[in-house]
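Counting in the working numbering, the final residue of the sequence shown is number 179, and the numbers go up one at a time with none missing.
Where is the CB? At the ideal position from N, CA and C, for every residue including glycine.
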Amino acid sequence: MTPYDEPMRLALAQARKALATGDVPIGAVVLGADDTVLSTGRNAREAEGDPTAHAEVLALRRAAATVGDGWRLEGCTLVVTLEPCTMCAGAAVLSRVAKVVYAADDPKAGAVGSLWDVVRDRRLNHRPEVVSGVLADESAELLRVFFADRRGDGLLG
C-alpha cells in the first residue's frame with residue numbers, strides 16, 4: 023500500500039466513467055500541497071471532439087481554476103492511471119507540479135520514462151518527482167479489456 027493508492031482509486035473511477043463516452047479509460051486527479059483533491063479529469067477526446075482533452079490536461083486546467091492563483095500548481099501532485107504522453111508530460115512540467123504519480127507504463131507513447139522522459143529532461147527549468155507503478159495492474163487490466171473490446175474480442179460484454 024502506498025500513500026497514493028486512494029487518489030489512484032479515484033483516478034481509476036474517473037477512467038471507468040470515460041467508458042460511457044467511448045473514450046480510452048484514463049483518469050487523473052490533482053492533489054494540493056496538503057494532499058486534498060483539487061480536481062479530477064478523464065479522457066474526453068471523443069466526448070468533446072477535442073484532441074487535447076486528455077485526463078491530465080483537463081484535471082490540470084480544473085486544478086488551476088480551483089487554486090485561482092494563476093496557472094502554477096507548485097506543491098501539487100498529478101495522479102494518473104497511465105504514464106503521460108508527451109503533451110501531458112509537458113503540461114505537468116509547465117504547470118510546475120511537484121510530483122507525477124502514475125499507474126501503468128505506456129511503452130508506445132509514454133513520456134515519463136518509457137519512450138521519452140520529458141519530465142526529467144535536464145534542459146527544462148522544472149523537473150517533477152516521479153512515482154510509478156501505483157495500482158498498475160488494475161489500470162493495465164482496464165485498458166486491456168477496453169482495447170480487446172474495441173478489437174471485437176467481446177470482453178466488455
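Environment of residue i [buried if 16+ CB atoms lie within 10 Å]
i	result
residue 64	buried
residue 146	exposed
residue 150	buried
residue 132	buried
residue 179	Legend: pLDDT at residue 179 = 49, less than 50; position of this residue unreliable, no value from coordinates given.
residue 44	exposed
residue 42	exposed
residue 105	buried
residue 37	buried
residue 129	exposed
residue 170	exposed
Cβ separation of residue i and residue j, assumed to be a contact under 8 Å, to the nearest whole Å
i	j	result
residue 29	residue 51	5 Å
residue 122	residue 79	Residue 122 to residue 79, Cβ: 13 Å. No contact.
residue 55	residue 66	Going by Cβ atoms, the distance from residue 55 to residue 66 rounds to 27 Å, so no, they are not a contact pair.
residue 49	residue 77	5 Å
residue 32	residue 62	7 Å
residue 125	residue 158	5 Å
residue 53	residue 59	6 Å
residue 156	residue 27	7 Å
Three-state secondary structure (DSSP) of residue i
i	result
residue 139	strand
residue 125	strand
residue 156	coil
residue 115	helix
residue 179	For residue 179, the predicted model reports a pLDDT of 49, less than 50, meaning its position is unreliable; a value from the coordinates is still stated below. Note: residue 179 maps to coil in three-state DSSP.
Contact test: residue i Cβ vs the ligand ZN heavy atom, cutoff 7 Å
i	result
residue 24	In the structure shown, the ligand ZN is absent, as is every other ligand, since no ligand is present at all.
(request) Pair every Cβ in the stretch 137-144 with every Cβ in the stretch 155-169, then say whether three or more of these pairs are closer than 8 Å. (result) No, the stretch 137-144 does not touch the stretch 155-169.
(message) Going residue by residue through the stretch 32-109, where are the continuous alpha helix (DSSP H) segments of at least 4 residues, counting only ones entirely within it?
(response) 67-70, 77-89, all fully within the stretch 32-109.
(request) Decide if the stretch 95-114 is in contact with the stretch 71-87; the criterion is three or more beta carbon pairs, one per stretch, under 8 Å apart. (result) By the criterion of at least three beta-carbon pairs nearer than 8 Å, the stretch 95-114 is in contact with the stretch 71-87.
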